[in-house]
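Engineer: Before anything else, here's the structure in question.
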Amino acid sequence: MKPVPLNEAQQRAIEHHSGPMLVLAGAGSGKTRVITQRIVRLIERGVPARAIVAVTFTNKAASEMAERVHALGKATGHTSVRDATISTFHSFGLSVLTKEKSAHGGAFTIFDQGDCLGAIKEIMRHLDHGKRFDVPSVLARISLAKNAFVSPEEYARRVAAGSGTDAYDEIASEVYPKYQSALRNFHAYDFDDLVCEVARVWTERPDVLARWRERFRFVLVDEYQDTNGAQLEMLRLLSGPTNNVFVVGDDDQSIYAWRGADVKNILSFDEHFAGAKVVKLEQNYRSRAPVLAVANAVISRDHAPLAEGEIRSVKKHKKTLFTSKVGGEKVRLAVCPTPEIEAAFVARELRGLIKDEHKKARELAVLYRSNGQAKLIEDALREQGVPYRVVGGQQFFERKEVKDLIAYMKLALNRADEISLRRIVNYPARGIGDTSVEKLSQLALAKGWSLWEAIERVDALDGIASAARDGCRALERSIADLRRKLLVERVRASEAGRWLAEHIKLRADLDAASGSTTAAARRWANVEAILQTFATREKREVAAGGDPTGEAGLASFLRALSLDHSGDDEEDKIERVTLSTLHGAKGLEFEYVYLIGVEEGLLPHARTIDTKATDARTSVVGRSEDGDAATDIDEERRLFYVGVTRAKERLTISRCRVRASRGKPAARTPCRFLIDIPEDLLEVSEIAEAPPMSPQAMAEQANALLAALDALG
Numbered sequence: 081m082k083p084v085p086l087n088e089a090q091q092r093a094i095e096h097h098s099g100p101m102l103v104l105a106g107a108g109s110g111k112t113r114v115i116t117q118r119i120v121r122l123i124e125r126g127v128p129a130r131a132i133v134a135v136t137f138t139n140k141a142a143s144e145m146a147e148r149v150h151a152l153g154k155a156t157g158h159t160s161v162r163d164a165t166i167s168t169f170h171s172f173g174l175s176v177l178t179k180e181k182s183a184h185g186g187a188f189t190i191f192d193q194g195d196c197l198g199a200i201k202e203i204m205r206h207l208d209h210g211k212r213f214d215v216p217s218v219l220a221r222i223s224l225a226k227n228a229f230v231s232p233e234e235y236a237r238r239v240a241a242g243s244g245t246d247a248y249d250e251i252a253s254e255v256y257p258k259y260q261s262a263l264r265n266f267h268a269y270d271f272d273d274l275v276c277e278v279a280r281v282w283t284e285r286p287d288v289l290a291r292w293r294e295r296f297r298f299v300l301v302d303e304y305q306d307t308n309g310a311q312l313e314m315l316r317l318l319s320g321p322t323n324n325v326f327v328v329g330d331d332d333q334s335i336y337a338w339r340g341a342d343v344k345n346i347l348s349f350d351e352h353f354a355g356a357k358v359v360k361l362e363q364n365y366r367s368r369a370p371v372l373a374v375a376n377a378v379i380s381r382d383h384a385p386l387a388e389g390e391i392r393s394v395k396k397h398k399k400t401l402f403t404s405k406v407g408g409e410k411v412r413l414a415v416c417p418t419p420e421i422e423a424a425f426v427a428r429e430l431r432g433l434i435k436d437e438h439k440k441a442r443e444l445a446v447l448y449r450s451n452g453q454a455k456l457i458e459d460a461l462r463e464q465g466v467p468y469r470v471v472g473g474q475q476f477f478e479r480k481e482v483k484d485l486i487a488y489m490k491l492a493l494n495r496a497d498e499i500s501l502r503r504i505v506n507y508p509a510r511g512i513g514d515t516s517v518e519k520l521s522q523l524a525l526a527k528g529w530s531l532w533e534a535i536e537r538v539d540a541l542d543g544i545a546s547a548a549r550d551g552c553r554a555l556e557r558s559i560a561d562l563r564r565k566l567l568v569e570r571v572r573a574s575e576a577g578r579w580l581a582e583h584i585k586l587r588a589d590l591d592a593a594s595g596s597t598t599a600a601a602r603r604w605a606n607v608e609a610i611l612q613t614f615a616t617r618e619k620r621e622v623a624a625g626g627d628p629t630g631e632a633g634l635a636s637f638l639r640a641l642s643l644d645h646s647g648d649d650e651e652d653k654i655e656r657v658t659l660s661t662l663h664g665a666k667g668l669e670f671e672y673v674y675l676i677g678v679e680e681g682l683l684p685h686a687r688t689i690d691t692k693a694t695d696a697r698t699s700v701v702g703r704s705e706d707g708d709a710a711t712d713i714d715e716e717r718r719l720f721y722v723g724v725t726r727a728k729e730r731l732t733i734s735r736c737r738v739r740a741s742r743g744k745p746a747a748r749t750p751c752r753f754l755i756d757i758p759e760d761l762l763e764v765s766e767i768a769e770a771p772p773m774s775p776q777a778m779a780e781q782a783n784a785l786l787a788a789l790d791a792l793g
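Under this note's numbering, think of the first position of the sequence shown as 81, with each following residue one higher.
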């Protein structure tokens, strides 16, 4: 892999040596190229690779960055790049907490989303306020507080101050400290703690912080616009007095405030890191000029002078993207009578692109604001025989059978892991129901035992049903056998996992619990996939000269699997059209893009204006100091901009004149962002209902549908 030639702005960025730098990288401007080549440039200048850490947000992004850095290092003769740390924020935090156990209380486990919700639910069961609260909404407020690096005490002070607080603020302020206590009692951290606790340990233990500062002298951050308050604090602490922090991001693509990202981090970078230099990357290598003209028109509204009485929540870094990819078709605006006609229109066009123009299905995409918009498109694509995939379904490591197998492995290595124990104590069913588990827990508490010790010593306990006793003995034998295989016989995890699946008759249970043979086969395929994940890790360890059966390495790997939030959006080997929300499409690109439902109420979404009590952003942490609604509309505009800039060759935007609302047809208003696009940049067309198909076309469509169903498995 030879280094790709850089433009002048990119060259200035990678040649920067010390001190803070912000690289404002517009959509499609080659930001990954800059961050990877900068790592190699630092090494060329004599910086040890092990002194460099680069962090991003998803496992997929980190993996792709590492591959590109390693290939570039090999091509330039700097193979030591493999010693650089390239990671997600949370995986990096996990590695710090793992290495610094003595500084924060010893061994720990990680709560997944289900564990967190269960803990919150149990806490709220003991708080009687005469009102039912939505548990996920309470957890969302606590998560938002953690992401903003707001402690339980500070959260309570803000609520007590009474400035715009509501019932959800009040209940969250009560639950938050109890939730933290529950985590400590379980020797556990949740996903947010993997950043928050690192920042806390570094703040309270200067000696620990000094070790990490000495190790990592150059810090690089990708997608900096997505950072939250806790991540900012981690970066400020790690970069220390030298402030050798190099960040790449785009304030115009900041679209994750709902999960804690704070666009002010990138807008105020020079305030957080004094003396920062700024480089703007404005040359776009992705989109044709007509697409880029629309993108610039949409986002430039945020840079325009304010009208009288208008509020803008944050200052802006003005960028105007340009491209050498001139020519191409105008952006089309298709006005459809109804959503059904819109879906049929899009499906017909996609079928024509694939069949008549011989375009690859994986280069085609349909984007929308909300998941609920996908059903009509899916129906229409099936009718047209167009294969598709939906980005953003249930994530692989959140699937029950995968989590169950991982829980067995974690419990075998650490029998004090009560979260894993509770997950599989009666799976597959072995007579230890909820009542028996509660009884075992009470007896264990009374005797000062762990729950596992109560299961091991069940014959010494009174009041346990005989079926539950038998189940406890069976579970104890299974875990003992698995533990012996892993720690005494040094059997590889992939082999031990397969033995376990056979031992507990997992496949038979999946067959019985699934609604169809197809569903059962898919669930078993997930088991095979996690076993293959173990095997891949083992091959990698052997290739690197390590021991794939080491207890510490396996335990760390199992914890890391809990952090995989990459979902199922890996490149599909089968040619399929991509359906995705605008949030899910971030970081993707396609030759032809259809952006549907561009109407008020969908984009911008109604909830960005008419908020509900359960919305986390209405909390004392989530509200903007400058006005909640203005911030939300700004983010919706950026979301529209992200959708537009996914298109490389051609973009089609569509909206409907009428859409059902509460079961009745209702006239729709065009999205307000369309008003900011000059008329001469759009080709507007009225879409009518398609004429009836000929018998020959119907036969071709039926054959294509059967082929698509076969491809979907």
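All C-beta atoms in this analysis are idealised placements derived from N, C-alpha and C, irrespective of residue type, glycine included.
Tell me whether the region 319 to 332 and the region 150 to 158 touch, counting them as touching only if at least three CB pairs, one residue from each stretch, are closer than 8 Å.
Structural biologist: No, they do not touch.
Engineer: Tell me M101's beta-bridge partners as DSSP assigns them.
Structural biologist: Answer is F326 and K357, bridged to M101.
Engineer: Let me know if W532 comes out buried or exposed under the rule of 16 or more other beta-carbons within 10 Å of its beta-carbon.
Structural biologist: By the 10 Å Cβ count, W532 comes out buried.
Engineer: Between P417, V371 and K435, which has its C-alpha nearest S404's C-alpha?
Structural biologist: The residue with the shortest Cα to Cα distance from S404 is V371.
Engineer: Taking just the CA atoms, how far does E498 sit from S217?
Structural biologist: Cα to Cα, the separation comes out at about 25 Å.
Engineer: Could you tell me the alpha carbon to alpha carbon distance between A727 and L430, rounded to whole angstroms?
Structural biologist: Each residue's Cα considered, the two are about 15 Å apart.
Engineer: In chain order, what residues of the same chain have a beta carbon less than 7 Å from the beta carbon of E388, not counting five sequence neighbours either side?
Structural biologist: Interpretation of E388 is limited by its pLDDT of 45, a score under 50 that renders its predicted location unreliable; no figure is taken from the coordinates.
Engineer: Residues in its own chain within less than 8 Å of L207 by CB, not counting five upstream and five downstream?
Structural biologist: Hits under 8 Å: I251, E254 and V255.
Engineer: Output the distance between the C-alpha atoms of Q260 and D287, rounded to the nearest integer angstrom.
Structural biologist: Between Q260 and D287, the C-alpha separation is close to 25 Å.
Engineer: Measuring alpha carbon to alpha carbon, tell me which of T661, P417 and N265 ends up nearest E766.
Structural biologist: Among T661, P417 and N265, the Cα nearest to that of E766 belongs to P417.
Engineer: Among H663, V505, V374 and R479, whose alpha-carbon lies nearest the alpha-carbon of R449?
Structural biologist: It is H663 whose Cα lies nearest to the Cα of R449.
Engineer: Starting from V411, follow its DSSP beta bridges and name the residues at the other end.
Structural biologist: According to DSSP, which records beta bridges pairwise, V411 is partnered with L762.
Engineer: Kindly indicate which residue of L315, D342, Q90 and N364 has the alpha-carbon position closest to the one of F172.
Structural biologist: When each option's Cα is compared against that of F172, the closest is L315.
Engineer: From what residue to what residue does the alpha helix (DSSP H) around L567 run?
Structural biologist: Per DSSP, L567 belongs to the alpha helix (DSSP H) from S546 to L567.
Engineer: What residues match up with L300 in a beta bridge as DSSP calls it?
Structural biologist: DSSP lists A134 and F326 as partners of L300.
Engineer: On a Cα-Cα basis, can you pick out the residue from A492, L444, E769 and M101 that is closest to Y730?
Structural biologist: Before going further, note that residue 730 is Arg rather than Tyr in the sequence given. With distances taken between Cα atoms, R730 lies closest to L444.
Engineer: Indicate the three-state DSSP secondary structure (helix, strand or coil) for C751 in the structure shown.
Structural biologist: Coil, per DSSP.
Engineer: Where does P508 fall in DSSP's three states?
Structural biologist: Here P508 sits in coil by DSSP.
Engineer: Does the Cβ of R570 have 16 or more other Cβ atoms within 10 Å, making it buried, or fewer, making it exposed?
Structural biologist: By the 10 Å Cβ count, R570 comes out exposed.
Engineer: Per DSSP, which one or two residues make a beta bridge with R730?
Structural biologist: Looking at the DSSP assignment, R730 forms a beta bridge with Y672.
Engineer: Please tell me whether, using a cut-off of 6 Å, the distance from the CB of S660 to the nearest non-hydrogen atom of the ligand GDP is below it.
Structural biologist: You won't find the ligand GDP in this model; it holds no ligand whatsoever.
Engineer: DSSP three-state label for Y448, please.
Structural biologist: In the structure shown, Y448 sits in a strand (DSSP, three-state: E or B).
Engineer: Measure how close the beta-carbons of R512 and G551 come, nearest whole angstrom, since I'm counting them as under 8 Å.
Structural biologist: The residue you asked about is not Arg; residue 512 is Ile in the sequence shown. Rounded, the Cβ-Cβ distance is 4 Å, consistent with contact.
Engineer: Should W282 go down as buried or exposed, given a rule of 16 or more other Cβ atoms within 10 Å for buried?
Structural biologist: Buried, because 16 or more other Cβ atoms sit within 10 Å of the Cβ of W282.
Engineer: Just reading off the beta strand (DSSP E) that T112 is part of, what are its end residues?
Structural biologist: That residue, T112, is in no beta strand (DSSP E); its alpha helix (DSSP H) goes K111 to E124.
Engineer: Count the other C-beta atoms from every protein chain shown that fall within 10 angstroms of the C-beta of N265, then say buried if there are 16 or more, exposed otherwise.
Structural biologist: Exposed, since its Cβ has fewer than 16 Cβ neighbours within 10 Å.
Engineer: Measure the CB-CB distance between L274 and L174 and report whether it falls below 7 Å.
Structural biologist: Closer than 7 Å, so yes.
Engineer: Give the single residue among M489, E556, S521 and E608 whose Cα lies nearest to the Cα of R510.
Structural biologist: Nearest of M489, E556, S521 and E608 to R510, Cα basis: E556.
Engineer: Helix, strand or coil, according to DSSP, for A746 in the structure here?
Structural biologist: Here A746 sits in strand by DSSP.
Engineer: Count the other CB atoms within 10 Å of the CB of S393; is the residue buried (16 or more) or exposed (fewer)?
Structural biologist: Confidence at S393 is low in this model, with a pLDDT of 47, below 50, so its placement is unreliable and no value can be given for it.
Engineer: Excluding the 5 residues preceding and the 5 following R118 in the sequence, name in chain order all residues of the same chain whose CB lies nearer than 6 Å to its CB.
Structural biologist: Correct list, in chain order: I94.
Engineer: When DSSP labels each residue in this structure, what does H685 get in the three-state scheme?
Structural biologist: Here H685 sits in strand by DSSP.
Engineer: Run the CB neighbour count on S546, radius 10 Å, all protein chains shown included, and call it buried at 16 or more, exposed below.
Structural biologist: Exposed, because fewer than 16 other Cβ atoms sit within 10 Å of the Cβ of S546.
Engineer: Taking only the alpha-carbon atoms, compute the straight-line gap between P745 and R737 and give it to the nearest angstrom.
Structural biologist: The alpha-carbon atoms of P745 and R737 are separated by roughly 10 Å.
Engineer: Mind checking K565: buried by the 16 CB within 10 Å criterion, or exposed?
Structural biologist: K565 should be labelled buried.
Engineer: If you reduce the DSSP assignment to three classes, tell me which class S404 lands in.
Structural biologist: Coil, per DSSP.
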